[in-house]
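K.L.:
Chains as they are written, first to last, in numbering that gives the first Met the number 0: chain P, 0 to 576; chain H, 0 to 80.
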Amino acid sequence: MEFIAKKYTILMNNEPIEIWIRNNQIKQSKFMEQKVKLDLDLKTIKQIQSFPTRVVNGANLQENKNFTQATSKMMSQHLDMAILKNDKKTLSRFARSDLVPESSKENFIEAINHPNGLRGLLVKAVNKTNAIFQTLAKKIDRYFDKVKDKIANQKLDKYLEEYQLKEFNKAPPLKDLDLKQNVSAKLKDMAEEFLKEKNIKDLDDEKISSKLYQNEFMQKAAISGLSAIEAKIALAQEIHKNQSKEQIETKLSEIQNIKKNIKVRDTTIADLKKQLEVYQIKEASKNETLEDFKLITKDINAVDKIDVLLKNTEYQKASNEEKLKIEDKYLYSQEPLQERASELKVIANELPKTQEVIYKTIYKRDTTFDFNSEPIKQELNQKWSELQKINREQQAQNRDFMNISAVKFNGVSTSQLSKWQDIAIKNGGNAEVVQKYVDASLRNAEQLKQAGVFKEVEKGEFKFTDQFAKETLYKNIDKTNKQIAEANKGNESNINFNPKEELTQRVKDLSSEQSFAKLIGQDGSIDSQQLHKFAEHLQKLSTQLKVEEKANIVTKDDLKLAQNGQKQSQSHEQQRA
Amino acid sequence: MNNIAQQLSQQLESSIEQLDDTQVSWINKHYVIDLQNKGLILLSSIVNVKDKAESHTILDGVKEYIAVVQPIIKQIKNKEL
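1) Applying the criterion that 16 or more other CB atoms from any shown protein chain within 10 Å of the CB defines a buried residue, is tyrosine 64/H buried or exposed?
2) Where do the ends of the alpha helix (DSSP H) carrying tryptophan 419/P lie?
3) On a CA-only basis, which of Glu431/P, Asn480/P, Ala395/P and Leu350/P is nearest leucine 502/P? Give me that one, please.
4) Could you name the residues that DSSP lists as bridge partners for tyrosine 7/P?
5) For valine 437/P, does the three-state DSSP call read helix, strand or coil?
6) Count the CB pairs spanning the stretch 71-79 of chain P and the stretch 16-26 of chain H that are closer than 8 Å, and state whether there are at least three.
7) Would you mind stating whether aspartate 298/P and valine 277/P have Cβ atoms separated by less than 8 Å?
8) Under a CB-based cut-off of 8 Å, is valine 125/P close to chain H?
9) With H, G and I counted as helix, E and B as strand and the rest as coil, what does DSSP make of arginine 13/P?
10) Thinking C-alpha only, which one of Gln466/P, Lys376/P, Arg505/P and Lys488/P is nearest arginine 577/P?
11) Please go through the same chain and pick out, in chain order, the residues whose beta-carbon is closer than 6 Å to the beta-carbon of alanine 136/P, but skip the five residues on each side of it.
12) What residue range does the beta strand (DSSP E) around glutamine 27/P cover?
13) Checking the sheet assignment: what are the DSSP bridge partners for glutamate 457/P?
14) Taking phenylalanine 461/P as the query, report the chain H residues whose CB atoms sit under 9 Å from its CB, ordered along the chain.
15) State the Cα-Cα distance for the pair histidine 296/P and aspartate 33/H, rounded to the nearest angstrom.
16) If you run the structure through DSSP and keep just helix, strand and coil, what is asparagine 495/P?
17) Any idea what DSSP makes of glutamine 33/P, helix, strand or coil?
18) Tell me, please, whether the CB atom of isoleucine 32/H is closer than 8 Å to any CB atom in chain P?
19) Based on the DSSP secondary-structure assignment, which residues constitute the bridge partners of valine 54/P?
20) How far does the alpha helix (DSSP H) with lysine 138/P in it reach, from first residue to last?
21) So what does lysine 363/P bridge to, in DSSP terms?
22) Is the shortest distance between the beta-carbon of leucine 135/P and the beta-carbons of chain H less than 8 Å?
23) Grab the span of the alpha helix (DSSP H) containing phenylalanine 66/P for me, first residue to last.
24) I need the straight-line Cα distance from lysine 488/P to arginine 95/P, nearest angstrom please.
25) Can you list, in chain order, the residues of its chain with a C-beta nearer than 6 Å to that of aspartate 20/H? Leave out the 5 residues immediately preceding and following it.
26) Helix, strand or coil: how does DSSP classify tyrosine 158/P here?
27) In chain H, which residues lie less than 9 Å from asparagine 371/P when you measure between Cβ atoms?
28) Here's a check: name, in chain order, each residue in its chain whose Cβ is nearer than 6 Å to the Cβ of phenylalanine 216/P, leaving out the five neighbours to either side.
29) Please state whether the Cβ-Cβ distance between leucine 41/H and valine 68/H is less than 8 Å.
30) State the start and end residues of the unbroken alpha helix (DSSP H) segment that holds glycine 60/H.
31) Exposed or buried, what is proline 51/P when buried is set at 16 or more other beta-carbons lying within 10 Å of its beta-carbon?
32) Going by other Cβ atoms of all chains shown within 10 Å of its Cβ, with 16 needed for buried, is proline 374/P buried or exposed?
33) On a Cα-Cα basis, can you pick out the residue from Glu392/P, Lys344/P and Ser417/P that is closest to phenylalanine 2/P?
34) Nearest chain P C-beta to leucine 39/H closer than 8 Å, yes or no?
35) Along the alpha helix (DSSP H) that carries isoleucine 299/P, what are the first and last residues, could you check?
Listed below in structure tokens is the structure:
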């Protein structure tokens with residue numbers, strides 16, 4: 000349990016995002032010094048909290064899809080709002096930043112307003128694909144549920160076994176591991192007999208005929224008092240035994256490939272469903288007055304509400320000042336009074352103990368060049384060819400060549416290496432030398448993982464931790480792993496923190512005018528007891544904050560200094576005279 | 000899976016791969032990720048849905064999807080997004 004919200008800064012190149020986190024929840028977020036709505040999942044929040052300096056490089060989070068998508072959406076919405084408000088300050092800030100397409104920077108402002116501009120092209124594509132999905136859903140009954148059901152056919156509750164037996168076989172899908180699982184000897188015999196009796200050579204989880212056979216056998220097992228799930232496994236094991244090993248292996252690798260390509264999780268489908276809902280609301284609902292807006296966005300979250308608000312006629316017509324008030328009222332919810340009061344109480348206790356300024360060292364991981372640019376590509380290819388030649392001549396395991404290959408192929412992969420191994424041997428390479436090279440490459444990848452350059456995304460699949468790590472390896476291919484690890488730390492940079500200022504800022508937010516406006520209900524009622532407590536803490540705190548301000552108090556030391564200064568100036572004047 | 004479906008799913012797969020959000024500026028990443036996710040859902044449905052009428056509808060959807068994302072892929076390659 001955290002008592003005070005903590006401020007975290009995410010550096011998106013030159014534009015930081017400031018977020019306040021308390022109890023693993025984002026309480027407030029600011030971008031370009033304006034309030035924004037940023038929704039991140041718990042995993043991402045924890046990842047941000049894991050940075051001890053509370054300054055996070057956005058580049059380090061780019062691999063996190065939740066972060067990338069949410070941040071990008073927030074920025075895009077912020078830009079849309081700036082366009083609507085004709086907020087030139089924000090627009091020019093975007094134009095100066097690295098957050099917009101580099102190539103179209105010059106005509107950026109023009110392009111974002113232009114429906115046929117690049118941004119318009121993206122928006123149109125997203126809308127068109129939304130329409131495609133709407134049509135699919137209409138033509139195919141409950142389209143998403145069907146897709147989801149087939150993909151996420153996960154293990155069912157054991158108490159549902161009875162239900163499973165009545166329905167089509169819904170036992171968990173088989174994995175290659177299941178084929179090694181021990182099942183009872185009785186089941187094995189039953190399965191063997193069953194397959195012979197029905198003359199079954201193969202079973203496919205997708206085919207209804209196969210499902211019927213599986214179901215029949217599972218039913219048979221259940222009647223004999225054996226586990227239905229194990230029965231499905233026993234059946235598969237018997238088939239496995241009957242088929243040649245090679246066939247099974249190709250089949251398994253096919254399945255694995257399909258699974259690898261289709262990493263659709265329930266959340267993706269749920270997200271898309273939600274997004275289509277917003278799309279439908281945006282396209283089809285009456286969204287003229289703010290009351291309409293309130294009604295149609297009743298069940299959608301604040302981030303999605305922004306998209307609908309941007310289309311609201313009353314909001315569009317409002318002055319910029321009114322727009323801000325509407326945003327405050329409809330988009331940003333305040334924390335409950337009791338929560339605020341307790342946080343203020345803790346702040347009041349903490350404040351006297353906090354230091355003025357703390358210096359902290361952070362490591363910046365800003366990249367300096369683009370691996371997709373033609374000159375870099377050419378340079379990389381040339382270096383790679385040179386080192387390949389050396390590697391071939393030496394018939395050894397050249398480490399520089401391993402490193403540059405990792406850069407060229409964006410990581411090290413066991414499966415890719417074994418493919419290469421096959422080709423190399425077919426082309427007349429010495430099998431022993433080739434094998435040694437593969438082993439050494441994997442050992443090197445393991446060491447680079449220790450140096451923080453790689454992360455192992457799957458067993459035997461090494462990817463760069465971020466673009467900076469890739470750049471580091473490219474610049475230091477011939478250095479020792481220790482030197483690489485040192486370079487991969489990032490560029491040291493000192494920043495100063497002002498915890499006192501942070502607390503003051505938090506108090507200011509908690510006690511802002513907008514924050515209080517929300518306390519009064521529609522009928523004008525207010526929780527007087529809570530308000531009293533809140534005011535009490537606030538008063539105590541403001542007295543404390545004033546006392547802390549040095550300028551208001553003249554100490555003995557100040558007087559002494561002033562006296563000395565006067566004496567000195569007097570003696571200077573005497574000397575001149 | 001018949002030939003047309005196989006061909007389309009290959010095309011779809013390569014389209015999804017080319018919709019690479021790491022090559023796009025920050026303000027546009029979410030659009031590209033959105034298109035990627037939709038592509039993945041379509042791909043999974045080609046593989047999984049066996050009903051003839053349904054699979055016909057999905058393949059039509061896939062064709063439309065590929066046509067819509069082609070210009071985007073071009074822009075990504077040209078580093079314009």
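C-beta: ideal position from N, C-alpha, C; glycine also.
Because the structure is a prediction, the values reported are computed rather than measured.
P.N.:
The relevant details are as follows:
1) buried
2) 413-425
3) Leu350/P
4) Ile18/P
5) helix
6) yes
7) no
8) yes
9) Checking the sequence shown, residue 13/P turns out to be asparagine, not arginine. Coil, per DSSP.
10) The structure shown does not extend to residue 577/P, since chain P is modelled only from 0 through 576, so no value can be given for it.
11) Tyr142
12) 24-30
13) Glu460/P
14) Simply none; closest approach about 17 Å.
15) It should be pointed out that residue 296/P corresponds to threonine in this sequence rather than to histidine. Each residue's Cα considered, the two are about 21 Å apart.
16) strand
17) strand
18) yes
19) Thr8/P
20) 117-138
21) Asn490/P
22) yes
23) 64-84
24) 28 Å
25) Lys28, Val31 and Ile32
26) A caution first: tyrosine 158/P carries a pLDDT of 44, below 50, which makes its placement in the model too unreliable to give a value.
27) Gln22 and Lys78
28) Phe193, Ala230 and Leu234
29) no
30) 51-76
31) exposed
32) exposed
33) Lys344/P
34) yes
35) Note, isoleucine 299/P: premise wrong, no alpha helix (DSSP H); not H, not E.
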